[in-house]
Amino acid sequence: MLYNDLTKQLILLDKAQYETPTDGMVKYLVEQWFMTPEYTDDYGIFYTVYQAYKTVNKRKTYGKINLCTIFPTTGCNAQCPYCYEKGMESKNMSEQVADDLVAWLKTRTASTLHVKWFGGEPLCNKPIIDRICQRLQVENIDFYSSITTNGLLFEEDEVDKYINQWHLRQAQVTIDGTHDVYIATKNFKSFTGDAYEKVLSNVEMLSKAGVRVNIRTHITGENKQDILALVDELTERYKNNSRVIVYTHPLYEGCGEIETFSDEERALVYRNYREVSAVINATGAGPRYSIERFRTTHCMADDGRSMCVNPDGGLSLCEHHPWDELYGNIYDDNYDKAILDSWLEPAIDSVECIKCCLRPSCLRLAKCPVDEICTAQTIEYKLNKTYLAMTNAYSRYKQNTEKIE
Ligand code: SF4
Ligand code: SF4
160 MLYNDLTKQL ILLDKAQYET PTDGMVKYLV EQWFMTPEYT DDYGIFYTVY
210 QAYKTVNKRK TYGKINLCTI FPTTGCNAQC PYCYEKGMES KNMSEQVADD
260 LVAWLKTRTA STLHVKWFGG EPLCNKPIID RICQRLQVEN IDFYSSITTN
310 GLLFEEDEVD KYINQWHLRQ AQVTIDGTHD VYIATKNFKS FTGDAYEKVL
360 SNVEMLSKAG VRVNIRTHIT GENKQDILAL VDELTERYKN NSRVIVYTHP
410 LYEGCGEIET FSDEERALVY RNYREVSAVI NATGAGPRYS IERFRTTHCM
460 ADDGRSMCVN PDGGLSLCEH HPWDELYGNI YDDNYDKAIL DSWLEPAIDS
510 VECIKCCLRP SCLRLAKCPV DEICTAQTIE YKLNKTYLAM TNAYSRYKQN
560 TEKIE
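Numbering (the working numbering), first residue to last: 160 to 564.
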């Protein structure tokens with residue numbers, strides 16, 4: 160299977176077609192940009208397409224907000240060692256700021272607004288989530304929401320509210336390991352029950368109510384066996400439940416108490432990642448990676464339609480920066496253009512980027528705190544996701560073809 164990361168085209172050749180293509184096949188591969196003359200400047204072509212697309216796209220989309228990440232609180236009920244917010248100010252949003260925020264959003268949102276609850280642990284300030292949702296409804300702002308949460312504070316008797324008032328569609332819940340590992344890692348403050356069981360039951364409750372739940376696990380150099388045992392448990396517990404997705408991600412280096420890895424440590428983490436993600440993928444419980452459309456933006460920070468609001472009404476572009484990198488606040492229309500512009504700044508391409516087959520979809524920002532290091536292992540991580548996307552696209556094609564036949 161051949162994939163062109165610039166045109167996003169996939170084609171499947173048999174062995175003979177690949178090894179000794181006929182003239183007709185060569186012509187086709189040339190026309191579809193799978194074969195280019197040796198002297199072709201691939202990077203130059205990519206860059207030209209990228210800049211042209213970016214210019215056209217910007218004109219179309221510039222303006223209204225369609226993603227608002229809200230920090231109802233920057234406080235948290237857990238104490239994960241890898242938390243990148245360690246040492247940040249812990250504060251709840253007040254009712255006044257919540258009301259002012261909705262009034263501010265009223266004239267600035269696109270036809271539908273995606274509200275993302277983030278923190279801290281957003282469920283530590285549920286009354287403010289309730290209030291913002293009620294106000295959004297009163298103001299006739301069409302919205303739906305998602306949440307990044309540890310999931311402990313969801314309650315069975317509130318599930319109707321999550322669906323009908325919060326319009327909750329998706330939750331991301333991190334499970335750090337099997338029962339005892341989870342309890343030790345989360346180290347919840349003032350919770351005496353079985354936090355692990357409560358969170359897993361909450362995942363079930365939400366998914367049954369129609370919320371898609373992405374369970375994130377973190378892979379390190381040491382926890383492969385435990386994560387494999389966890390994956391076993393989760394896939395058994397949520398089998399036949401297509402709303403629960405399990406995935407794994409290497410822990411970000413340099414976050415919280417996690418130091419930057421040595422080359423050997425990083426190699427081990429990514430080897431473990433490959434093994435665990437292959438197991439997850441084989442169970443069918445993993446994410447359905449797909450071939451993305453051609454993108455010109457990296458994330459919410461540079462898409463020109465998203466912003467984050469901290470508990471004081473301060474505005475930033477990156478969810479990892481609730482208290483710094485503020486470009487303004489909801490009480491003042493004067494924004495700091497230098498900060499806004501700095502988040503559009505792409506990372507500088509290395510010599511490797513110029514030759515890298517992933518470059519068309521590898522968009523990086525100079526200021527993104529989680530995408531700083533490119534190593535042989537991170538390239539392999541990105542390639543692995545690309546392979547999964549390719550095979551998924553092929554499976555889908557086969558299913559559709561079979562249906563037609
Ligand atoms: S994967 Fe690494 S080398 Fe390749 S384009 Fe991205 S940053 Fe550059
Ligand atoms: S951490 Fe990186 S990917 Fe996430 S919002 Fe900030 S800039 Fe974007």
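From the three backbone atoms N, C-alpha and C, an ideal C-beta is built for every residue, glycine too.
Note that the structure is predicted; figures quoted are calculated from it, not measured.
Quiz prompt | Paired residues, beta bridge with I404 - DSSP | solution = The residue you call residue 404 lines up with position 245 of the sequence shown. Its beta-bridge partners are N373.
Quiz item: Residues bridged to S465 by DSSP?
Solution: Here residue 465 corresponds to residue number 306 of the sequence shown, with the count starting at 1. According to DSSP, which records beta bridges pairwise, S465 is partnered with L226.
Exercise. Output yes or no for whether 7 Å exceeds the beta carbon distance between V405 and L387.
Key: Counting from 1 along the sequence shown, the entry for residue 405 is found at position 246. Counting from 1 along the sequence shown, the entry for residue 387 is found at position 228. Not in contact: V405 and L387 (Cβ atoms no closer than 7 Å).
Quiz item: Is there contact here, the region 369 to 386 with the region 316 to 333, by at least three beta-carbon pairs under 8 Å?
Solution: Touching, yes, given that three or more Cβ pairs across the two stretches are closer than 8 Å.
Practice problem: Return yes when the Cβ of T228 is within less than 7 Å of the Cβ of G278, no when it is not. | Solution: To locate residue 278, count along the sequence shown from 1; it is residue 119. To locate residue 228, count along the sequence shown from 1; it is residue 69. Result no, Cβ atoms of G278 and T228 do not sit closer than 7 Å.
Practice problem: Could you please give me the residues that DSSP links to W276 through a beta bridge? | Solution: Residue numbering aside, residue 276 sits at position 117 when the sequence shown is read from its first letter. Note: W276 is bridge-paired with I229 and I306 in the DSSP secondary-structure output.
Quiz item: Of all the CB atoms in chain D, is at least one closer than 7 Å to the CB of G369?
Solution: Included in the structure is just one protein chain, with no chain D present.
Self-check item: Distance, K541 Cα to C516 Cα
Solution: Looking up residue 516 in the sequence shown gives position 357. Looking up residue 541 in the sequence shown gives position 382. Within the model, the alpha-carbon separation for C516 versus K541 is close to 11 Å.
Quiz item: Hey, is M459 close to ligand 2, as in C-beta under 6 Å from one of its heavy atoms?
Solution: Residue mapping note: residue 459 aligns to position 300 of the sequence shown, counting from 1. In terms of side-chain proximity, the C-beta atom of M459 is found nearer than 6 Å to a non-hydrogen atom of ligand 2.
Quiz item: What first and last residue would you give for the beta strand (DSSP E) that runs through N394?
Solution: Mapped onto the sequence shown, residue 394 falls at position 235. It is worth fixing the name first, because residue 394 is Thr in this sequence and not Asn. According to the DSSP assignment, T394 belongs to no beta strand (DSSP E) but to the alpha helix (DSSP H) extending over K383 to R396.
Exercise. Find out if the Cβ-Cβ distance for the pair T268, I300 is shorter than 7 Å.
Key: Within the sequence shown, the letter at position 109 stands for residue 268. Within the sequence shown, the letter at position 141 stands for residue 300. If you check the CB distance, T268 and I300 come in under 7 Å.
Quiz item: Just to confirm, does H479 get its C-beta within under 6 Å of one of the non-hydrogen atoms of ligand 2?
Solution: What you label residue 479 is simply residue 320 of the sequence shown in a count that begins at 1. Yes, the beta carbon of H479 sits closer than 6 Å to at least one heavy atom of ligand 2.
Quiz item: Is there at least one non-hydrogen atom of ligand 2 closer than 6 Å to the beta-carbon of C227?
Solution: Residue numbering aside, residue 227 sits at position 68 when the sequence shown is read from its first letter. C227 Cβ: outside cutoff for every heavy atom of ligand 2.
Self-check item: Beta-ladder partner(s) of A437, from DSSP
Solution: Stepping through the sequence shown from its first residue, residue 437 is reached at position 278. Its beta-bridge partners do not exist; DSSP assigns none.
Quiz item: When you compare only the Cα positions, how much space is there between Y490 and E356?
Solution: Indexing the sequence shown from 1 puts residue 490 at position 331. Indexing the sequence shown from 1 puts residue 356 at position 197. Each residue's Cα considered, the two are about 43 Å apart.
Quiz prompt | Under the three-state DSSP convention, the category S554 falls into | solution = As a first step, residue 554 is located in the sequence shown; it is residue number 395 there, counting from the start. S554 carries a helical assignment under DSSP once its states are collapsed to helix, strand and coil.
Self-check item: Quiz: which residues have CB nearer than 5 Å to ligand 1 non-hydrogen atoms
Solution: The set of residues with a C-beta under 5 Å from any non-hydrogen atom of ligand 1 comprises E511, C512, C515, L517, R518, C521, C533 and I538, given in chain order.
Self-check item: Straight-line gap, T220 to L165 (C-alpha atoms, nearest Å)
Solution: For the purposes of this step, residue 220 is taken as residue 61 along the sequence shown, with counting starting at 1. For the purposes of this step, residue 165 is taken as residue 6 along the sequence shown, with counting starting at 1. With a pLDDT of 48 at T220, under the threshold of 50, the modelled position of this residue cannot be trusted, and the question is left open.
Quiz prompt | Between the CA atoms of K265 and S529 - distance to the nearest angstrom | solution = Looking up residue 529 in the sequence shown gives position 370. Looking up residue 265 in the sequence shown gives position 106. In the sequence as displayed, the identity of residue 529 is Val instead of Ser. In a straight line, the C-alpha of V529 is about 32 Å away from that of K265.
Quiz item: How is N336 classed by DSSP in three states: helix, strand or coil?
Solution: Residue 336 sits at position 177 when you count from the first residue of the sequence shown. Reading the sequence as shown, one finds Gly at residue 336 and not Asn. Coil, per DSSP.
Self-check item: Any 3 or more C-beta pairs closer than 8 Å across the region 271 to 286 and the region 308 to 316
Solution: Contact holds: three or more Cβ-Cβ distances are below 8 Å.
Exercise. Using 6 Å as the cut-off, classify the Cβ of V274 as near or not near the heavy atoms of ligand 2, replying yes or no.
Key: Stepping through the sequence shown from its first residue, residue 274 is reached at position 115. No, Cβ of V274 sits at least 6 Å from all heavy atoms of ligand 2.
Quiz item: Where does V297 land, buried or exposed, given buried means 16+ other C-beta within 10 angstroms?
Solution: Looking up residue 297 in the sequence shown gives position 138. V297 should be labelled exposed.
Quiz item: When DSSP labels each residue in this structure, what does T220 get in the three-state scheme?
Solution: For this step, residue 220 is matched to residue 61 along the sequence shown. In this predicted model, T220 has a pLDDT of only 48, less than 50, meaning its place in the structure is not dependable; the value taken from the coordinates is given anyway. Per DSSP, reduced to three states, the secondary structure at T220 is helical.
Quiz item: Measuring CB to CB, does A354 end up less than 7 Å from I450?
Solution: Here residue 354 refers to the residue found at position 195 of the sequence shown. Here residue 450 refers to the residue found at position 291 of the sequence shown. In this structure, I450 does not lie closer than 7 Å to A354 by Cβ.
Quiz item: Touch check for the region 498 to 511 and the region 180 to 191: three-plus C-beta pairs under 8 Å?
Solution: Contact between the region 498 to 511 and the region 180 to 191 is absent, with fewer than three C-beta pairs closer than 8 Å.
Quiz item: When the Cα atoms are used, what is the spatial distance from L427 to G472?
Solution: Taking the first residue of the sequence shown as 1, we reach residue 427 at position 268. Taking the first residue of the sequence shown as 1, we reach residue 472 at position 313. In this structure, the straight-line span from the alpha carbon of L427 to that of G472 is close to 42 Å.
Quiz item: Got a sec? Which residues, its chain only, sit under 8 Å from R464 by beta carbon, not counting five neighbours each side?
Solution: Here residue 464 corresponds to residue number 305 of the sequence shown, with the count starting at 1. Taken in chain order, the residues that qualify are T220, G222, K223, I224, N225, L226 and A269.
Quiz item: Anyone know if the C-beta pair for S305 and K275 falls short of 7 Å?
Solution: Residue numbering aside, residue 305 sits at position 146 when the sequence shown is read from its first letter. Residue numbering aside, residue 275 sits at position 116 when the sequence shown is read from its first letter. Taking C-beta atoms as the reference points, S305 and K275 count as a pair closer than 7 Å.
Quiz prompt | Spatial distance of L161 from S520 (CA atoms) | solution = The count along the sequence shown starts at 1 and reaches residue 161 at position 2. The count along the sequence shown starts at 1 and reaches residue 520 at position 361. Answer to the nearest angstrom: the Cα atoms are 16 Å apart.
Self-check item: Between the CA atoms of Y177 and L499 - distance to the nearest angstrom
Solution: In the sequence shown, residue 499 corresponds to position 340, counting from 1. In the sequence shown, residue 177 corresponds to position 18, counting from 1. Cα atoms of L499 and Y177: separation of roughly 48 Å, rounded to the nearest angstrom.
Practice problem: Check the DSSP bridge columns for S475 and list the partner residues they point to. | Solution: Along the sequence shown, read from residue 1 onward, the residue named residue 475 stands at position 316. When DSSP reads this structure, S475 sits in a beta bridge with C467.
Practice problem: Indicate, with yes or no, if ligand 3 has a heavy atom lying under 6 Å from the CB of C527. | Solution: This structure does not include ligand 3; its bound ligands are ligand 1 and ligand 2.
Quiz item: Based on Cα-Cα distance, which residue from D289, H273, T407 and K245 lies nearest to D258?
Solution: Residue numbering aside, residue 258 sits at position 99 when the sequence shown is read from its first letter. Out of D289, H273, T407 and K245, D289 has the C-alpha closest to the C-alpha of D258.
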